[in-house]
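Visitor: Before I ask anything, here is the structure I am working with.
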Amino acid sequence: MKTNNHHKLFIITLFLFGTAISNINAQDSAASTSIMSVHYFLPENKIPYVEVSTKKKSGKKFEPIKDIPVNVYFNEATENNLLGKVTTGINGEGRVSLPASFKATWDSLTEFKFVAVSDSSGGVKSLSGDVTIKKAILVIDTTTSDGIRTVTAQLKEKKGNEWVPVKDIEMKVGVNRMGGILSAGDEETYTSDSTGTATVEFKKDSLPGDQKGNIVLVAKVEDNDAYGNLLVEKTVPWGIAFTPEKNFFDQRTLWSTRYRTPYWLLFMAYSIVIGVWGTLIYLVTQILKTRKMGREYDRNLSTQKSG
Amino acid sequence: MNLENSTSLTNEQITSDLLPQKFGKRGMIWTSLLILIALVGAFAYYRQLKYGLVVTNMRDYVSWGIYISNFVFFVAISLVGSLITAIFRLTNVPWRTPLTRISEIIAVSAITFASLIIIVDMGRPERLLNLFIHGRIQSPIIWDVIVIGTYFCLSLFLLYITLLPDIRIMINAKDKLDKRFSKLYRWLGTFWKGTAAQEKIRNRSITILCIVIIPVAFSIHTVTSWLFATTYRPGWDSTNFGAYFISGAFLVGAGAVVVAMYVFRRYYHLEKYITDKHFEKMGRVVVLLALLYMYFNINEYLVPAFKMKKPEAEHLRQLFGGEFAPLFWFAILVGMIIPIIIMLFKKGRKPLPMFIAGVMIVVGAWFKRYLIVTPTLLHPFLPMYNVPESYHHYFPSWEEWAIAMGSLAGVLLIITFFARVFPIISIYKTLTDQNENEQSS
Numbered sequence: 005m006k007t008n009n010h011h012k013l014f015i016i017t018l019f020l021f022g023t024a025i026s027n028i029n030a031q032d033s034a035a036s037t038s039i040m041s042v043h044y045f046l047p048e049n050k051i052p053y054v055e056v057s058t059k060k061k062s063g064k065k066f067e068p069i070k071d072i073p074v075n076v077y078f079n080e081a082t083e084n085n086l087l088g089k090v091t092t093g094i095n096g097e098g099r100v101s102l103p104a105s106f107k108a109t110w111d112s113l114t115e116f117k118f119v120a121v122s123d124s125s126g127g128v129k130s131l132s133g134d135v136t137i138k139k140a141i142l143v144i145d146t147t148t149s150d151g152i153r154t155v156t157a158q159l160k161e162k163k164g165n166e167w168v169p170v171k172d173i174e175m176k177v178g179v180n181r182m183g184g185i186l187s188a189g190d191e192e193t194y195t196s197d198s199t200g201t202a203t204v205e206f207k208k209d210s211l212p213g214d215q216k217g218n219i220v221l222v223a224k225v226e227d228n229d230a231y232g233n234l235l236v237e238k239t240v241p242w243g244i245a246f247t248p249e250k251n252f253f254d255q256r257t258l259w260s261t262r263y264r265t266p267y268w269l270l271f272m273a274y275s276i277v278i279g280v281w282g283t284l285i286y287l288v289t290q291i292l293k294t295r296k297m298g299r300e301y302d303r304n305l306s307t308q309k310s311g
Numbered sequence: 120m121n122l123e124n125s126t127s128l129t130n131e132q133i134t135s136d137l138l139p140q141k142f143g144k145r146g147m148i149w150t151s152l153l154i155l156i157a158l159v160g161a162f163a164y165y166r167q168l169k170y171g172l173v174v175t176n177m178r179d180y181v182s183w184g185i186y187i188s189n190f191v192f193f194v195a196i197s198l199v200g201s202l203i204t205a206i207f208r209l210t211n212v213p214w215r216t217p218l219t220r221i222s223e224i225i226a227v228s229a230i231t232f233a234s235l236i237i238i239v240d241m242g243r244p245e246r247l248l249n250l251f252i253h254g255r256i257q258s259p260i261i262w263d264v265i266v267i268g269t270y271f272c273l274s275l276f277l278l279y280i281t282l283l284p285d286i287r288i289m290i291n292a293k294d295k296l297d298k299r300f301s302k303l304y305r306w307l308g309t310f311w312k313g314t315a316a317q318e319k320i321r322n323r324s325i326t327i328l329c330i331v332i333i334p335v336a337f338s339i340h341t342v343t344s345w346l347f348a349t350t351y352r353p354g355w356d357s358t359n360f361g362a363y364f365i366s367g368a369f370l371v372g373a374g375a376v377v378v379a380m381y382v383f384r385r386y387y388h389l390e391k392y393i394t395d396k397h398f399e400k401m402g403r404v405v406v407l408l409a410l411l412y413m414y415f416n417i418n419e420y421l422v423p424a425f426k427m428k429k430p431e432a433e434h435l436r437q438l439f440g441g442e443f444a445p446l447f448w449f450a451i452l453v454g455m456i457i458p459i460i461i462m463l464f465k466k467g468r469k470p471l472p473m474f475i476a477g478v479m480i481v482v483g484a485w486f487k488r489y490l491i492v493t494p495t496l497l498h499p500f501l502p503m504y505n506v507p508e509s510y511h512h513y514f515p516s517w518e519e520w521a522i523a524m525g526s527l528a529g530v531l532l533i534i535t536f537f538a539r540v541f542p543i544i545s546i547y548k549t550l551t552d553q554n555e556n557e558q559s560s
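In the order they appear, the protein sequences are chains U and D.
FYI, in my numbering the residues of the first sequence are 5 to 311.
FYI, in my numbering the residues of the second sequence are 120 to 560.
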């Protein structure tokens with residue numbers, strides 16, 4: 005009977021233990037659908053790049069798919085048109101810049117297509133995506149008149165050999181800040197007029213800048229169906245110069261460097277360390293003393309024996 | 120000391136019973152198994168060194184996984200050295216003799232692996248040097264490094280100083296012992312003659328060590344708790360943490376001693392020395408410690424649960440009824456409540472039920488440390504945004520499990536090898552207690 009009880013207790017413990025382990029390992033196993041999207045970027049009107057993004061639907065959320073090898077082509081998926089190969093990273097994204105060998109083709113066209121293709125790998129089926137883009141540039145400029153500062157951003161697309169203004173395009177015009185673009189005026193976004201220009205009166209005149217008072221103005225067209233993503237920046241001395249507090253790092257605080265430790269902490273820490281280690285060293289000397297006593301004991305014993 | 124049938128035991132019998140014994144068949148299997156687990160852990164660590172911490176499943180949010188849970192567990196268990204040896208000695212608890220060395224070696228082995236597992240968690244072991252070159256005394260991490268180093272030295276010294284008379288006995292009984300260890304015994308204690316002057320110094324040194332080791336032992340676990348409590352996070356932002364950790368440490372340490380008492384008593388046939396009375400007394404101590412720990416748990420969970428501040432609420436919901444609930448209730452029930460119920464009854468304080476309760480306490484305590492570390496990291500104040508789905512969960516990789524289990528095997532290996540080379544119960548103290556008993560009767 006007693007043994008039976010012990011067995012029961014053991015089984016209950018084992019069950020509870022097993023439940024605990026299996027809980028840590030709980031994983032979602034929802035069915036998934038994979039997609040690939042292609043985005044075009046032109047920073048500072050210089051070298052464009054294409055960003056490929058792979059995702060799968062898991063439950064109600066989209067999850068990035070990493071480690072997917074993708075071939076990116078210019079205009080059509082043929083070997084000659086291969087722009088480059090990329091493997092998606094931990095965020096499911098990969099980026100390919102336009103190689104110099106495509107410059108002549110790029111210059112000759114006004115509209116082009118990027119195609120991304122992946123073979124089936126790692127349990128993910130073959131994916132593909134493309135994006136068609138009209139060639140355009142974004143220009144940022146500033147003017148100051150009667151103390152009023154204005155930022156203008158103009159979008160122009162290439163038609164034949166001409167750069168033609170594009171109207172009714174939504175864009176952001178603002179100041180680059182940590183974590184995003186702070187609008188230069190009152191609106192979140194602006195739309196280009198018949199001259200392709202969005203004109204914004206600069207109202208953020210008390211922003212902290214760098215040590216010279218420089219801030220970075222930004223104009224950005226985001227995820228436009230025809231033109232993709234374009235971004236231009238311009239540095240202007242419109243901010244308030246930041247002057248670092250000279251004595252800030254000289255304070256003795258808990259967050260200072262090791263050379264600026266508060267005196268009270270140094271006193272307490274070293275008192276404790278010296279107190280404890282002093283005692284330990286004293287005790288070691290006591291043991292060494294007993295070693296000496298032991299040797300003397302042996303000497304006396306051998307003297308007595310020989311005497 | 121309460122020896123059963125003590126009158127029938129001669130000094131020779133006691134010495135013969137308590138001298139270290141060769142491994143039997145079971146001992147060899149046990150040791151081989153531990154070595155195998157430790158080797159798998161070493162291989163996993165080699166992979167971690169080669170490929171980096173990416174072989175673990177620790178990422179941006181859960182940056183402290185089972186390595187740190189293991190570290191807290193080892194620090195906790197090591198506190199028992201100060202409880203049994205120092206506190207019991209200073210309060211003159213008469214039945215402590217067969218338990219002191221067991222608790223001392225548990226303390227030394229656990230604190231050794233606590234130090235090692237921190238180096239494993241660092242990923243780049245050579246960077247340990249940076250703690251000393253660039254360390255700031257303002258940082259609780261430096262306090263932890265200092266107190267753990269100090270506690271290790273104090274525990275090792277206490278173990279050594281209490282071993283000296285036994286080493287003399289072993290040198291004298293060299294014919295009965297393995298010849299391979301003779302050199303070691305002579306190197307460690309040939310100077311010890313047991314003269315009155317030496318004995319006086321030794322006794323005074325042990326008393327001083329016992330006085331010093333208590334605040335240092337309290338410091339190691341308090342400072343370890345401050346590693347958490349000094350950061351502003353749900354579940355860690357608590358003024359209760361020092362006492363909560365200390366009480367938990369005493370409980371798991373005492374539980375480990377109970378388990379070790381049972382194993383040594385059974386497999387080294389020490390029934391005459393580790394008696395039912397010792398289990399009875401330890402049972403009472405463990406119940407007291409479990410109740411104390413439960414009191415601090417109630418403080419730790421009830422007060423924030425009463426207020427339910429938003430970030431705390433999410434963390435607590437996950438513990439009480441969410442993803443971590445089975446593990447949480449397992450740790451509370453198996454680690455505290457069931458052992459208390461078992462040991463409240465006299466029958467539950469017999470060796471076997473005590474052993475089962477001890478195992479439950481130790482296993483529950485390991486999972487409790489996991490629950491202290493991981494759920495908090497998965498519930499930061501700023502919501503997790505735009506991160507891969509896997510960052511929202513944490514389950515250790517096989518390398519992490521292997522290293523964690525390897526370190527546990529390492530602790531047990533130190534204890535096993537120690538018991539192979541040295542007496543696990545002090546022969547000298549047992550003889551002294553017996554002689555004192557005879558004189559007083």
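Yeah, the Cβ is synthetic: ideal placement off N, Cα and C, and Gly gets one too.
1) Look at the Cβ atom of D:T535, then the Cβ atom of D:W262, and state whether they are nearer than 8 Å.
2) Do you know how far the Cα of U:Q158 is from the Cα of U:A140?
3) Just by C-beta distance, which residues in the segment 227-261 of chain D are closer than 8 Å to chain U?
4) Might you give, ordered along the chain, the residues of its own chain that have their beta carbon closer than 8 Å to the beta carbon of U:S33, omitting 5 neighbours on each side?
5) Using a Cβ-Cβ cutoff of less than 8 Å, which residues in the same chain neighbour U:E80 once the five nearest sequence positions on both sides are dropped?
6) With DSSP run on the structure shown, which of helix, strand or coil describes D:F347?
7) With a threshold of 16 other CB atoms inside 10 Å of the CB of D:P217, please say whether the residue is buried or exposed.
8) Where does U:F253 land, buried or exposed, given buried means 16+ other C-beta within 10 angstroms?
9) Helix, strand or coil for D:I236, going by three-state DSSP, please let me know.
10) Can you find a C-beta in chain U that's less than 8 Å from the C-beta of D:I206?
11) Can you give me the start and stop residues for the alpha helix (DSSP H) that D:E519 sits inside?
12) Restricting to Cα atoms, I'd like to know which of D:G525, D:E519, D:E433, D:F541 is closest to D:W183.
13) Can you name the residues that DSSP bridges to U:T147?
14) Tell me where the beta strand (DSSP E) around U:P212 begins and ends.
15) I need the boundaries of the alpha helix (DSSP H) containing U:H43, first residue and last residue.
16) Please decide whether U:G184 counts as near chain D, where near means a Cβ-Cβ distance under 8 Å.
17) Between D:T269 and chain U, is the shortest Cβ-Cβ distance under 8 Å, so that the two count as touching?
18) Quick one: what's U:S187 bridged to in DSSP?
19) Which one of D:P213, D:L202, D:S222 has the shortest CA to CA distance from D:F537?
20) Determine contact between the segment 236-243 of chain D and the segment 280-299 of chain D, defined as no fewer than three beta-carbon pairs at a distance below 8 Å.
21) Starting from D:W485, trace the beta strand (DSSP E) both ways and give me its first and last residue.
22) Between the segment 126-134 of chain U and the segment 210-227 of chain U, are three or more C-beta pairs nearer than 8 Å?
23) With H, G and I counted as helix, E and B as strand and the rest as coil, what does DSSP make of U:T7?
24) I want to verify the contact list: residues of chain U whose CB lies under 8 Å from the CB of D:Q317, in sequence order.
25) Please confirm whether D:C272 has its beta-carbon closer than 8 Å to some beta-carbon of chain U.
26) Would you report the Cα separation of D:A523 and D:G143, rounded to the nearest angstrom?
27) Counting only Cβ pairs nearer than 7 Å, list the residues of chain U close to D:K312.
28) Using a C-beta to C-beta distance shorter than 8 Å, which residues of chain U count as neighbours of D:R321?
29) Please state whether the Cβ-Cβ distance between D:S526 and D:N189 is less than 8 Å.
30) Considering U:Y53, what are the terminal residues of the beta strand (DSSP E) in which it resides?
31) Cβ closer than 8 Å: which chain D residues qualify as neighbours of U:L268?
32) Check whether the Cβ atoms of D:R488 and D:F162 sit closer than 8 Å, and answer yes or no.
33) Could you pull the start and end residues of the beta strand (DSSP E) that U:A223 belongs to?
34) Below 8 Å, how does it come out for the segment 193-204 of chain D and the segment 248-257 of chain D: are there three or more Cβ pairs, yes or no?
35) Note down, in chain order, every chain U residue with its Cβ under 7 Å from the Cβ of D:I327.
36) What is the DSSP secondary structure of U:S26, reduced to helix, strand or coil?
Guide: Quick look at the numbers:
1) Mapped onto the second sequence, residue 535 of chain D falls at position 416. Mapped onto the second sequence, residue 262 of chain D falls at position 143. The answer is no: Cβ separation not under 8 Å.
2) The count along the first sequence starts at 1 and reaches residue 140 of chain U at position 136. The count along the first sequence starts at 1 and reaches residue 158 of chain U at position 154. When rounded, the distance between both Cα atoms is 10 Å.
3) H253, G254, R255, I256, Q257
4) Here residue 33 of chain U refers to the residue found at position 29 when the first sequence is read from its first residue. For U:S33, the pLDDT reaches just 39, beneath the cut-off of 50, and the residue's location in the model is therefore unreliable, although a value from the coordinates is still provided. Counting only Cβ-Cβ distances below 8 Å, and skipping sequence neighbours, we find nothing.
5) For the purposes of this step, residue 80 of chain U is taken as the residue at position 76 of the first sequence. Apart from the 5 residues on each side of it in sequence, U:E80 sits with its Cβ closer than 8 Å to the Cβ of K117, V119 in its chain, given in chain order.
6) The residue you call residue 347 of chain D lines up with position 228 of the second sequence. Note: D:F347 maps to helix in three-state DSSP.
7) Looking up residue 217 of chain D in the second sequence gives position 98. Under this definition D:P217 is a buried residue.
8) Start at 1 with the first residue of the first sequence, and residue 253 of chain U comes out as number 249. With fewer than 16 other Cβ atoms within 10 Å, it is exposed.
9) Mapped onto the second sequence, residue 236 of chain D falls at position 117. Three-state DSSP puts D:I236 in a helix.
10) Stepping through the second sequence from its first residue, residue 206 of chain D is reached at position 87. So no, D:I206 is outside the interface.
11) The residue labelled residue 519 of chain D in the question sits at position 400 within the second sequence. 517-540 is the extent of the alpha helix (DSSP H) around D:E519.
12) Reading the second sequence from its first residue, position 64 is the one you call residue 183 of chain D. Of D:G525, D:E519, D:E433, D:F541, the residue nearest in Cα terms is D:E519.
13) The residue you call residue 147 of chain U lines up with position 143 of the first sequence. Per DSSP, the beta bridge partners of U:T147 are U:T154.
14) Within the first sequence, the letter at position 208 stands for residue 212 of chain U. Element bounds for U:P212: n/a, residue is neither H nor E.
15) Position 39 of the first sequence, counted from the first residue, corresponds to residue 43 of chain U. Where U:H43 is concerned, there is no enclosing alpha helix (DSSP H), although the beta strand (DSSP E) it sits in stretches over 38-47.
16) Locating residue 184 of chain U in the first sequence gives position 180, counting from the first residue. False, the Cβ-Cβ gap to chain D never drops below 8 Å.
17) By one-based count along the second sequence, residue 269 of chain D stands at place 150. So, interface residue.
18) Locating residue 187 of chain U in the first sequence gives position 183, counting from the first residue. Residue pairing from DSSP places U:S187 in a beta bridge opposite U:G178.
19) Position 418 of the second sequence holds residue 537 of chain D. The shortest C-alpha separation from D:F537 is found at D:S222.
20) The segment 236-243 of chain D is not in contact with the segment 280-299 of chain D.
21) For the purposes of this step, residue 485 of chain D is taken as residue 366 along the second sequence, with counting starting at 1. No beta strand (DSSP E) holds D:W485; the alpha helix (DSSP H) holding it covers 470-496.
22) no
23) For this step, residue 7 of chain U is matched to residue 3 along the first sequence. Since pLDDT at U:T7 reaches only 49, below the 50 mark, its modelled position is unreliable, and the value read off the structure follows with that caveat. If DSSP states are grouped into helix, strand and coil, U:T7 belongs with the helices.
24) By one-based count along the second sequence, residue 317 of chain D stands at place 198. What D:Q317 touches in chain U: T294, M297, G298.
25) The count along the second sequence starts at 1 and reaches residue 272 of chain D at position 153. D:C272 counts as touching chain U.
26) One-based indexing of the second sequence puts residue 523 of chain D at position 404. One-based indexing of the second sequence puts residue 143 of chain D at position 24. As the crow flies, the alpha-carbon of D:A523 is around 28 Å from that of D:G143.
27) Locating residue 312 of chain D in the second sequence gives position 193, where the first residue counts as 1. Going along chain U in sequence order, the residues near D:K312 (Cβ under 7 Å) are G298, Y301.
28) Taking the second sequence and counting its residues from 1, one reaches residue 321 of chain D at position 202. Correct list: T294.
29) Along the second sequence, read from residue 1 onward, the residue named residue 526 of chain D stands at position 407. Along the second sequence, read from residue 1 onward, the residue named residue 189 of chain D stands at position 70. Against a cut-off of 8 Å, the Cβ pair of D:N189 and D:S526 comes out as a contact.
30) Within the first sequence, numbered from 1, the residue matching residue 53 of chain U stands at position 49. Run containing U:Y53: 53-62, per the beta strand (DSSP E) assignment.
31) Position 264 of the first sequence, counting from 1, holds the residue named residue 268 of chain U. According to the sequence as given, residue 268 of chain U is Trp; it is not Leu. In chain order: nothing, as chain D lies at least about 11 Å away.
32) Stepping through the second sequence from its first residue, residue 488 of chain D is reached at position 369. Stepping through the second sequence from its first residue, residue 162 of chain D is reached at position 43. Result no, Cβ atoms of D:R488 and D:F162 do not sit closer than 8 Å.
33) The residue given as residue 223 of chain U occupies position 219 in the first sequence. Element bounds for U:A223: 219-228.
34) no
35) Translated into the one-based positions of the second sequence, residue 327 of chain D becomes position 208. Under a criterion of Cβ atoms nearer than 7 Å, the residues of chain U adjacent to D:I327 are, in order, T283, L287.
36) The residue labelled residue 26 of chain U in the question sits at position 22 within the first sequence. In this prediction, U:S26 has a pLDDT of 48, which is less than 50 and means its spatial position is unreliable; what the coordinates show is noted afterwards. U:S26 falls in the helix class under three-state DSSP.
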